[in-house]
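Colleague: Before anything else, here's the structure in question.
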Amino acid sequence: MKAKVILVTGGARSGKSTFAEQLAAQAAGPVAYIATAQVYDEEMRHRVDLHQERRPAHWQTYEAPYHADTVLEEALQGPAQAVLFDCLTLYTTNLLLQLAESVSREQRAAQILAAIDRLLAAARQGTAPVIFVTNEVGMGIVPENPLAREYRDIAGWVNQRAAVAADQVYLVVCGLATEIKKNAVWL
Amino acid sequence: MKAKVILVTGGARSGKSTFAEQLAAQAAGPVAYIATAQVYDEEMRHRVDLHQERRPAHWQTYEAPYHADTVLEEALQGPAQAVLFDCLTLYTTNLLLQLAESVSREQRAAQILAAIDRLLAAARQGTAPVIFVTNEVGMGIVPENPLAREYRDIAGWVNQRAAVAADQVYLVVCGLATEIKKNAVWL
Amino acid sequence: MKAKVILVTGGARSGKSTFAEQLAAQAAGPVAYIATAQVYDEEMRHRVDLHQERRPAHWQTYEAPYHADTVLEEALQGPAQAVLFDCLTLYTTNLLLQLAESVSREQRAAQILAAIDRLLAAARQGTAPVIFVTNEVGMGIVPENPLAREYRDIAGWVNQRAAVAADQVYLVVCGLATEIKKNAVWL
Chain A
63 MKAKVILVTG GARSGKSTFA EQLAAQAAGP VAYIATAQVY DEEMRHRVDL
113 HQERRPAHWQ TYEAPYHADT VLEEALQGPA QAVLFDCLTL YTTNLLLQLA
163 ESVSREQRAA QILAAIDRLL AAARQGTAPV IFVTNEVGMG IVPENPLARE
213 YRDIAGWVNQ RAAVAADQVY LVVCGLATEI KKNAVWL
Chain B
63 MKAKVILVTG GARSGKSTFA EQLAAQAAGP VAYIATAQVY DEEMRHRVDL
113 HQERRPAHWQ TYEAPYHADT VLEEALQGPA QAVLFDCLTL YTTNLLLQLA
163 ESVSREQRAA QILAAIDRLL AAARQGTAPV IFVTNEVGMG IVPENPLARE
213 YRDIAGWVNQ RAAVAADQVY LVVCGLATEI KKNAVWL
Chain C
63 MKAKVILVTG GARSGKSTFA EQLAAQAAGP VAYIATAQVY DEEMRHRVDL
113 HQERRPAHWQ TYEAPYHADT VLEEALQGPA QAVLFDCLTL YTTNLLLQLA
163 ESVSREQRAA QILAAIDRLL AAARQGTAPV IFVTNEVGMG IVPENPLARE
213 YRDIAGWVNQ RAAVAADQVY LVVCGLATEI KKNAVWL
């Protein structure tokens, strides 16, 4: 793996996490797995369990529902030859729910994007490659729920920033990964 | 058509059915059309009518809201030189609604995926090519309705399995079909 | 810019407008910007302001919530060396809300598509290139709201027609634009 930062995006159950895990498994040494999910109900427990069953038992797991930049820096100081961060959209959800009602809409977006920038900067500063998983959430109709619209906006901006920071960007559809940064049109 | 199994995916009204029909029309003989829609209201009647008006009158239509593997085997034993199955997502919906409340969530997913595996196996065993149409349903925000979330998960898994079984996979956006399996990154 | 009509599609906050603005900025002279948004609340005001802050101050702005074909013809008769139309989906929303309840469902679709055809014809008749921005809205689950389903259908048809009229079609994901018409599979 020569790329330092890799972004893997796709819809729900598109196979993006599986593809990202296969990428990470190519590392010539230990893999650090950074999980962002917060288990607050039965359904989320089920989703997290499905992910865990699939991962090699020897991967070191870090929990990073918040302050993921610090957790990533810690993981990069360990023996990991690759770091898998799954995922940016859940992390964005955690930050948005934490900030909701305490600060204004503009401040929420600014603070979340600043946190994402710190995370991406940490990834670029390490020596091991970091693979970020994210979700495409903006190709349905406009949600009726205002918080969902706000989330959709921020998640889109997060993905754009991650794609700028990434050396490679993969879009996964039906389990098939296409490299979209290499073939993108640059103006 | 040298491919045995072809998957055509895309969003609602992306032109995926039209593209799949054009693919089927290239067959050097009769085409079997397998319809999965259940007409339970006026709107669905309208949607089905729109599809039917577009298809050549001489195509043989099979109805397969359930047991589609058996229907596909039957169609493949007839004179058809190509089979068009439209679509996997509606078929998944039918199975999910049939199973809802009678078995557990895990069993619903397992039974639906087993049914899809039987369908894909039937397609691979025939001599005529089979074109499956499906939908991308996972690129919006997480639905608030639990059954919709469950459906979205299963539909994503169905698409991944279909893409594994397919020789060619097309993603249709704005009526434009791109072959995504040929160009996919394999690890 | 040799293309006469260019279509730029993508999800919400995918970077499609930014990419379209960069395309327009390549013109060797003044740019006409045709805005379709109707500001009916605080949130829409915020969205429109974000777009405006990003555009060069010397671009000439036209408002076209309705009768966009006439506005486009007017813009094409001016000094503009490129026209940016942002966006087809908002324009479709305006027309649909205007027609809702006054005519039948079939008539709404027919009238909107006729208006889009007039708009695309106007674009093809001008000498300056016209860049249309649109949204992918059909890759989430089926909306529960009937008007949202109707909108989703019409928006998909609008995108297909625009892609037929366009010389180039770009899909933007995570800020990365891929040319999808050039590489499309033609039957």
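Protein chains in written order, with the numbering used here: chain A, 63 to 249; chain B, 63 to 249; chain C, 63 to 249. Heads up, the beta-carbon is just placed ideally off N, CA and C, and yes, glycines get one too. Computed from a prediction, not measured in an experiment: that's the story for all the values here.
Do the region 106-120 of chain A and the region 69-85 of chain C meet, that is, are 3 or more Cβ pairs less than 8 Å apart?
Modeller: With a cut-off of 8 Å, the region 69-85 of chain C and the region 106-120 of chain A do not count as touching, because too few Cβ pairs lie within range.
Colleague: Cutting at 7 Å between CB atoms, please list the residues of its own chain near residue 214 of chain C, excluding the five before and the five after it.
Modeller: Around residue 214 of chain C: 199, 200, 205.
Colleague: Under 8 Å, do residue 73 of chain C and residue 237 of chain C count as touching if we go by C-beta distance?
Modeller: Taking 8 Å as the Cβ cut-off, residue 73 of chain C and residue 237 of chain C do not qualify as a contacting pair.
Colleague: Going along the chain, which unbroken runs of the alpha helix (DSSP H) with 4 or more residues stay wholly within the region 139-173 of chain A?
Modeller: 150-161, all fully within the region 139-173 of chain A.
Colleague: Determine which residues of the region 218-236 of chain B have a Cβ less than 8 Å from any Cβ of chain A, and write them out in chain order.
Modeller: The residues in question are 218, 219, 221, 222, 224, 225, 226, 231, 233.
Colleague: Considering only their Cβ atoms, is the gap separating residue 69 of chain C from residue 131 of chain C smaller than 8 Å?
Modeller: Not in contact: residue 131 of chain C and residue 69 of chain C (Cβ atoms no closer than 8 Å).
Colleague: So with CB distances below 8 Å, who are the chain A contacts of residue 105 of chain B?
Modeller: Going along chain A, no residue has its Cβ under 8 Å from residue 105 of chain B, so there is no contact; the nearest lies around 16 Å.
Colleague: Can you pull the chain A residues whose beta carbon is under 7 Å from the beta carbon of residue 210 of chain C, in chain order?
Modeller: Neighbours of residue 210 of chain C on chain A, chain order: 203.
Colleague: Quick one, which of A:235, A:118, A:192 has its alpha-carbon nearest residue 224 of chain B's?
Modeller: Ranking the options by Cα distance to residue 224 of chain B, first place goes to A:235.
Colleague: When Cβ atoms are compared, which residues of the region 113-146 of chain A fall closer than 9 Å to chain B?
Modeller: Hits within the stretch: zero.
Colleague: With a threshold of 8 Å between beta-carbons, can residue 200 of chain C be considered close to chain B, or not?
Modeller: So yes, residue 200 of chain C belongs to the interface.
Colleague: State buried or exposed for residue 64 of chain B, treating a residue as buried only when at least 16 other CB atoms are found within 10 Å of its CB.
Modeller: When all chains shown are included, residue 64 of chain B counts as exposed.
Colleague: Spell out the partners DSSP gives residue 320 of chain B in its beta bridges.
Modeller: Chain B is shown only over 63 to 249; residue 320 of chain B falls outside these bounds and no answer can be derived.
Colleague: Under the assumption that residue 66 of chain B contacts residue 229 of chain B (Cβ atoms under 8 Å), give the Cβ distance between them as a whole number of angstroms.
Modeller: Correct: roughly 6 Å between the Cβ atoms.
Colleague: Taking the Cβ atom as the reference point for each residue, do residue 121 of chain A and residue 93 of chain A lie within a distance shorter than 8 Å?
Modeller: A contact, by the Cβ cut-off of 8 Å.
Colleague: For residue 185 of chain B and residue 156 of chain A, I'd like the C-alpha separation in whole angstroms.
Modeller: Taking the straight line from one Cα to the other gives about 44 Å.
Colleague: Quick one: is residue 219 of chain B buried, meaning 16 or more other Cβ sit within 10 Å of its Cβ, or exposed?
Modeller: Looking at its Cβ environment, which holds 16 or more other Cβ atoms inside 10 Å, residue 219 of chain B is buried.
Colleague: Strictly below 7 Å CB to CB, what residues from chain C border residue 69 of chain B?
Modeller: Those within 7 Å of residue 69 of chain B in chain C number zero; the least Cβ separation is about 13 Å.
Colleague: Any contact of the region 96-105 of chain B with the region 123-137 of chain B, i.e. 3+ C-beta pairs under 8 Å?
Modeller: Yes: the two stretches touch, three or more of their Cβ pairs being nearer than 8 Å.
Colleague: Given a cut-off of 8 Å, decide if residue 148 of chain A and residue 101 of chain A are closer than it, judged by their beta-carbon atoms.
Modeller: Against a cut-off of 8 Å, the Cβ pair of residue 148 of chain A and residue 101 of chain A comes out as no contact.
Colleague: State yes or no: is the C-beta of residue 80 of chain A within less than 8 Å of the C-beta of residue 197 of chain A?
Modeller: For residue 80 of chain A and residue 197 of chain A, no; Cβs fall outside 8 Å.
Colleague: Using alpha carbons as the reference points, say which of A:232, A:138, A:158, A:247 lies closest to residue 183 of chain A.
Modeller: Considering only alpha carbons, the answer is A:138.
Colleague: So residue 73 of chain A contacts chain C; which residues on that side make the cut at Cβ distance below 8 Å?
Modeller: Neighbours of residue 73 of chain A on chain C, chain order: 201.
Colleague: How big is the Cα-Cα spacing for residue 166 of chain C and residue 116 of chain B?
Modeller: Roughly 22 Å separates the two Cα atoms.
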